[in-house]
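To keep things clear, I will list the structure first and then write my remarks on it.
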Amino acid sequence: MLIALASPRVASSVEDGLEKTKQCLADAAARGAEIVCFPEAYLPGLRGLDFEVPPFDREQQEHVLRVASAWAREYKIATILGMEWHTDAGRHIAAVVVNADGEIQGVQTKNQLDPSEEPLYVPGRTRRLFEVNGLKFGVVICHEGFRYPETVRWAAVRGAKVVFHPHCTGSDKTGPQLTQWGATDAPYYEKAMMMRSRENTIYFASVNYAFRHQESATSLIAPSGECQAHHPYGRDGVLVQDIDPDAATGLLASRYAPGRYQESRAE
Numbered sequence: 021m022l023i024a025l026a027s028p029r030v031a032s033s034v035e036d037g038l039e040k041t042k043q044c045l046a047d048a049a050a051r052g053a054e055i056v057c058f059p060e061a062y063l064p065g066l067r068g069l070d071f072e073v074p075p076f077d078r079e080q081q082e083h084v085l086r087v088a089s090a091w092a093r094e095y096k097i098a099t100i101l102g103m104e105w106h107t108d109a110g111r112h113i114a115a116v117v118v119n120a121d122g123e124i125q126g127v128q129t130k131n132q133l134d135p136s137e138e139p140l141y142v143p144g145r146t147r148r149l150f151e152v153n154g155l156k157f158g159v160v161i162c163h164e165g166f167r168y169p170e171t172v173r174w175a176a177v178r179g180a181k182v183v184f185h186p187h188c189t190g191s192d193k194t195g196p197q198l199t200q201w202g203a204t205d206a207p208y209y210e211k212a213m214m215m216r217s218r219e220n221t222i223y224f225a226s227v228n229y230a231f232r233h234q235e236s237a238t239s240l241i242a243p244s245g246e247c248q249a250h251h252p253y254g255r256d257g258v259l260v261q262d263i264d265p266d267a268a269t270g271l272l273a274s275r276y277a278p279g280r281y282q283e284s285r286a287e
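With the working numbering as the guide, the letters of the sequence shown map in order to residues 21 to 287.
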C-alpha cells in the first residue's frame, strides 16, 4: 500500500492552508497513495510558537471539514487532517480521519499535552483505531508519541500496522540546520521515532511542517526501527512510500504483559 506524508509550509491564513492542503492531496493522489497525513494542527496552525495563527472557531472548523472532505472525495484519497477541534470542553489539538468517499470516519484528540500547550488547549480523553482499505492504524500527536510510548503501544496491541504521528518541531526563524537523519548531535526526536517503531514492530509515520529550521524530518520508520525514507529538511512537498502491512507483525507489542507489573506489597 502506498501512503503519503504531507509536509507543507506554515499557512498564512486558513484559506492559504486549505490551498496548500489541496495541492498536497492532488500530488499524493496522482502518485497513487491511498492515504495522506498532514502535520499537527495544520489548520489553522499550532498556537504558542513563533508564527502567527489566525482565529479559528466552530464555523471555520465546519468550513474546513466540508472543503477537505470534498477534496478527499474528488481525489479519492483518505486523509488524516491535523486541525483544531472545538467541543463543549474547549479547544483541542486533533486529527480528523476522512475516508476516500469524503465521509468522516472519526477524530483523534491529543490527550497528552505538552506543558506549554495547557494554557491554549484542553486534552482529549479517548483513543481509537481507524481502518482504510484493510489497513488498521492509530494516530498519536507530537508530544504523545515523543514522550509517552504507551500511546503508540495502545494502537499496536490492538492490531495497528502503522501509527501516524502528526507533529510540529522547528521554526522558520531560528534553530539547527540538520543535514543527517538521526545524527547524534541533533535533537532527540528522530531517535524517538525509531524507538516507537522498534519497540512495537510496526510502521511509524511521523509528519512535520516544512520549517526552514526543522528539528525533525517527516519520516517513515519501518517495523525494524530503521528509517525507510524521509523528506528533505526544509523543503515542502509530499513523501510517498510503499508499506507492507504483513511486515508490521506487532510482535513486540503483542508480548507486552502488563499483569507482570503489579505492585508488590511489603509483608
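Just so it is clear, CB atoms sit at the ideal spot from N, CA and C, and this is done for glycine as well.
Predicted model, so just to flag it, every value in this text is computed and none were measured.
By alpha-carbon positions, which one of Ile55, Ala242, Tyr168 and Gly279 ends up nearest to Leu101?
Among Ile55, Ala242, Tyr168 and Gly279, the Cα nearest to that of Leu101 is on Ile55.
Output needed for Ala176: all residues of its chain with C-beta closer than 6 Å, excluding positions within five of it in sequence on either side, in chain order.
Contacts found: Asn220, Ile222, Gly270 and Ala273.
For Tyr229, three-class secondary structure by DSSP:
It is coil, neither helix nor strand.
Which residue comes first and which comes last in the alpha helix (DSSP H) that contains Gly169?
Correcting the residue identity first, residue 169 is Pro in this sequence and not Gly. Segment Pro169 to Ala176, the alpha helix (DSSP H) holding Pro169.
Ser191 to Val116, Cα distance in whole Å?
Spanning the two alpha carbons is a distance of roughly 25 Å.
List in chain order: all unbroken beta strand (DSSP E) runs of 3+ residues lying wholly within the stretch 117 to 146.
If you keep only unbroken beta strand (DSSP E) runs of at least 3 residues inside the stretch 117 to 146, you get 124 to 129.
Which of the three DSSP states, helix, strand or coil, is assigned to Trp105?
Here Trp105 sits in strand by DSSP.
Beta-carbon gap between Glu235 and Pro196 smaller than 8 Å:
Less than 8 Å divides the Cβ of Glu235 from the Cβ of Pro196.
Sequence-distant residues of its chain with Cβ nearer than 7 Å to Arg255 (five each side left out):
Cβ within range, chain order: Ala230.
Helix, strand or coil at Lys156 [DSSP, three-state]:
The three-state secondary structure of Lys156, taken from DSSP, is strand.
Residues bridged to Ile241 [DSSP beta-bridge criterion]
Beta-bridge partners of Ile241 (DSSP): Phe224 and Cys247.
Between Asp134 and His106, is the Cβ-Cβ spacing less than 8 Å?
Contact: no.
Could you check what DSSP says for Glu164 in three-state terms: helix, strand or coil?
DSSP places Glu164 in helix when its eight states are reduced to three.
Quick one, which of Val172, Met103, Gln282 and Thr146 has its alpha-carbon nearest Leu38's?
Cα-wise, what sits closest to Leu38 is Met103.
According to DSSP, is Leu45 helix, strand or coil?
Looking at Leu45 - three-state DSSP - the assignment turns out to be helix.
Counting only the same chain and skipping the five closest in sequence on each side, list residues whose C-beta sits under 8 Å from that of Tyr253.
If we look at Tyr253 and ignore the five residues flanking it on each side, its Cβ neighbours are Gln197, Leu198, Thr199, Gln234 and Ala237.
Decide if Tyr281 is buried, meaning its Cβ has at least 16 other Cβ atoms within 10 Å, or exposed.
Answer is exposed; the Cβ neighbour count stays below 16.
What did DSSP end up calling Arg111 once you bin it into helix, strand or coil?
Strand.
Smallest Cα separation from Met214: which of Gly245, Asn228 and Glu82?
Nearest option by C-alpha distance: Gly245.
How many Å lie between Leu249 and Ser284 at the Cα?
It is Ala, not Leu, that sits at residue 249 in the sequence shown. Cα to Cα, Ala249 sits roughly 44 Å from Ser284.
When we look at the beta-carbon of Ala225 and count the other beta-carbons within 10 Å, is it buried (16 or more) or exposed?
Under this definition Ala225 is a buried residue.
Range covered by the alpha helix (DSSP H) that runs through Val84:
Judged by DSSP secondary structure, Val84 falls within the alpha helix (DSSP H) whose first and last residues are Arg78 to Tyr95.
For Leu22, does the three-state DSSP call read helix, strand or coil?
Strand at Leu22.
Neighbourhood of Trp201 by C-beta, 8 Å cutoff - its chain only, sequence neighbours within 5 removed
Result list for Trp201: Glu210, Ala237, Ser239, Cys247 and His250, in chain order.
For the beta strand (DSSP E) containing Leu259, list its first residue and its last residue.
Counting along the chain, the beta strand (DSSP E) containing Leu259 begins and ends at Gly257 to Asp262.
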